[in-house]
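Novice: Structure in structure tokens, see below.
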């Protein structure tokens, strides 16, 4: 639980704008929340990001899939397609999620 408390502290810095423009820091924070099953916190950080990398999108998409939210994962992948061109990793993750839904 200590890591969740640390994540919430870092999240406060992100929200206040200290690291808002650092894609690596915010993606790492999203990843930490996802691994702990705190998808609502991960999504809040994700939604507040102005710039997102393919890794950021993939982290959030795979997080939904890992925790059984395939529909949300596919919806987010669809949003990503409209904002950037997904790479082979993103497409592979989408195929994995579709297989999990069957």
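Numbering (full-length UniProt numbering), first residue to last: 1 to 102.
The beta carbon of each residue, even a glycine, is placed where N, CA and C say it ideally should be.
1) Would you mind listing the alpha helix (DSSP H) stretches within the stretch 30–91 that are 4+ residues and don't spill past its ends, in chain order?
2) State yes or no: is the C-beta of residue 61 within less than 8 Å of the C-beta of residue 53?
3) Give me the Cα-Cα distance between residue 37 and residue 29, rounded to the nearest whole angstrom.
4) By Cβ distance below 8 Å, which residues in the same chain neighbour residue 76 in space, the five residues on each side in sequence not counted?
5) At the level of alpha carbons, what is the spacing between residue 35 and residue 42?
6) Can you tell me whether residue 49 is buried or exposed? The criterion is at least 16 other CB atoms within 10 Å of its CB, across all chains shown.
Specialist: By the coordinates alone:
1) Correct list: 39–48, 54–66, 70–83.
2) No.
3) In a straight line, the C-alpha of residue 37 is about 12 Å away from that of residue 29.
4) Hits under 8 Å: 57, 60, 61, 64.
5) In this structure, the CA atom of residue 35 is about 10 Å from the CA atom of residue 42.
6) By the neighbour-count definition (other C-beta atoms within 10 Å, threshold 16), residue 49 is a buried residue.
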